[in-house]
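Visitor: Take a look at the following structure, please.
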Amino acid sequence: MFVLLQEAWAYALTHLPELRDSTLEHLALVFLSLGLATAVCIPLGIWTSRSAKSAQSVINFFNSMRVIPSIAVLFLLIPFLGLSFTSAVIALILLAIPPIIVNTDAAYRSIDPAIKEAAVGMGMTSRQVLVRIETALALPVIIAGIRTATTEVMASATLAAFIGIGGLGTFIVRGLAMYDLGIMLVGAIPVILLTLTAELSLGLLERQVRPGHK
């Protein structure tokens, strides 16, 4: 293993510009897909939390998509969108949606109605209750869903390299083609480090926004 790490380090040093560009491509895929998924899921989760019938159909639909491998979704999109950055982003968005929408729905649904009634009694409008009270209480659970989605998307973004979009998966695909584990590690190790960094950062943020945190 130590020899493989040495080989990976040596290869990385001779391919630093490519490694930098691949890392930026990887992060662009992750941040764009997570940002769009979050922008869709939070309003949708608020809506489903107020309607049990809607929640069951919408959440079951997105949860059913989790059984489809990301690589399969990616290749299903190719006939419609081609070998494009858009195909990769849409596949990652579909992967990110289930944990975010499930947590968002659960977060708003679990808020004690008495708290909302008290806020209305204090003269708050419905919008103020939603933004200042409900969202503040729901935020830790929503972030927990984003943490789960980030872990899955960060790893799955490597699949974009299989359709020539780039990212850190480029080194993994190259290593597979050349039967070289050292080259594969050049792509795999940064993905692991980025995933751990995101996990720790979002975990800290989740604790910071938790009501009563000091």
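Heads up: the sequence shown is residues 1272 to 1485, going by the numbering used here.
Note that beta-carbon positions come from the ideal geometry of N, C-alpha and C, so glycine has one too.
1) Sort Leu1315, Leu1345, Glu1405 by Cα distance to Phe1332 and report the nearest one.
2) Could you check if Asp1376 is buried or exposed, using at least 16 other CB atoms within 10 Å of its CB as the buried criterion?
3) Going straight from the alpha carbon of Ile1339 to that of Leu1365, what length do you get?
4) By a C-beta neighbour count over all protein chains shown, 10 Å radius and 16 as the cutoff for buried, is Ser1250 buried or exposed?
5) If I follow the unbroken alpha helix (DSSP H) through Met1425, where does it start and stop?
6) For Pro1369 versus Arg1337, is the C-beta distance shorter than 7 Å?
7) Report the residue from Val1344, Ile1414, Ala1390 whose alpha carbon sits nearest the alpha carbon of Glu1405.
8) Taking just the CA atoms, how far does Leu1410 sit from Arg1478?
9) Is the beta carbon of Val1373 less than 7 Å from the beta carbon of Ala1362?
10) Can you tell me whether Met1455 is buried or exposed, with buried defined as 16 or more other CB within 10 angstroms of its CB?
11) If distances are taken between C-alpha atoms only, which option among Asp1451, Ala1407, Ile1443, Thr1441 comes closest to Val1274?
12) DSSP three-state call for Met1272: helix, strand or coil?
13) Output needed for Ala1420: all residues of its chain with C-beta closer than 7 Å, excluding positions within five of it in sequence on either side, in chain order.
14) Out of curiosity, what's the CA-to-CA distance linking Cys1312 and Ala1283?
15) Inspect the beta-carbon positions of Gly1438 and Ala1448 and report whether they are closer than 7 Å.
Guide: So, to answer that:
1) Leu1315
2) buried
3) 10 Å
4) Past the boundaries of the shown model lies residue 1250; the chain is included only from 1272 to 1485, so the question cannot be answered.
5) 1406-1427
6) yes
7) Ala1390
8) 10 Å
9) no
10) buried
11) Asp1451
12) coil
13) Leu1305, Ala1308, Ala1367, Pro1370, Ile1371
14) 38 Å
15) no
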